[in-house]
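One structure below.
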Amino acid sequence: MPELAQHQDLVVTRAAGFADLAEQVSARVVEHIDRVLRQHEFCTVALTGGSTPAATYRSLSAADLPWDRIHVLQTDDHIVADSETGPSWSVIERDLLHRCAVPVANRHPMPVRTGPGLASAVRRYDMQIRSLLRGQSPDVVVLGLGEDGHTASIFDGDPSALTADRVVVTTAPYHGVTRMTLTLPTLARGGLRVVLACGTAKAAAVAGLLGEGAPRTSAVAGILRGGGMLFVDDAAMSVADAATG
């Protein structure tokens, strides 16, 4: 069993290692999807990319779920020059969608190809996702935590993702990369909000989130406020553990 702790209004679930964490997150997501589908026709699941969530997606793909009633969208991705979809969508495809029976019509990749048509594509996608979400927010949100404390593609100092008027926006370049992301208000209203952090590289960011200093984590704190769940392994807790003795 994982160690459960309450940090202010944030639930922290701790696992011994990466594989155990993936199983715990997958089980929680399946439980929430089942609950949503008992009350609604379909469930919306917003997923991030990256190496940390990939194992969770592989575990989730083996679940006995009515995949034809599940819509998969993205929390964020990179704007790219040579593809209709970005690297985060590739992770979602490889580790989840190629392994389960989500219909093509229920898959909603971000339109991330750069060029003169990008702005209009983002507006159309914003309207599409707004309609899909029934004027609300995703039923499930799965995010990672960057080494610098960011989540999705929401970075300190960039106000573009803070707007309440849009569901999807493009960001200012960060380390030379422009990105597309669901906005902070959209993510913060999600039903089940899960953030994953594994390994010592994330330890400073986890410590910052738990109030032990280090990187700025205001965006992820806002998303997790009010019952969100932070899943961590022992390595990701190493700095926070040292600070608390």
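For my numbering, count along the sequence shown from 1 and bump the result up by 298. Virtual Cβ for every residue (Gly too), placed ideally from N, Cα, C.
- DSSP, reduced to helix, strand and coil, places Q372 within a strand of the structure shown.
- Here the segment 395 to 413 makes no contact with the segment 445 to 464; the two share fewer than three CB pairs at distances below 8 angstroms.
- When only Cα atoms are considered, M527 and A519 end up about 10 angstroms apart.
- DSSP places H396 within a helical segment (H, G or I) once states are collapsed to three.
- From the listed residues R392, D393, H376, the smallest Cα separation to M408 is found for H376.
- A distance below 7 angstroms between beta-carbons, with the five flanking residues on each side excluded, links S516 to the following residues of its chain, in chain order: D454.
- Just so you know, the alpha carbons of S451 and F340 end up roughly 26 angstroms apart.
- L494: not part of any alpha helix (DSSP H); member of the beta strand (DSSP E) spanning 490 to 495, first to last residue.
- The residue from R523, A538, G524, T469 with its alpha-carbon nearest to that of G509 is A538.
- The Cβ-Cβ distance between V389 and G347 falls below 8 angstroms.
- For L416, the enclosing alpha helix (DSSP H) begins and ends at 416 to 430.
- Between I368 and the set V378, G384, V343, D446, the nearest pair of CA atoms involves V343.
- Contact check for C496 against A540 fails: the beta carbons are separated by 8 angstroms or more.
- Taking C-alpha positions only, A352 is separated from T383 by approximately 17 angstroms.
- The three-state secondary structure of M535, taken from DSSP, is helix.
- Annotation for V438: the continuous beta strand (DSSP E) segment containing it runs 438 to 442.
- Taken in chain order, the whole beta strand (DSSP E) runs of length 3 or more contained in the segment 314 to 360 are 341 to 345.
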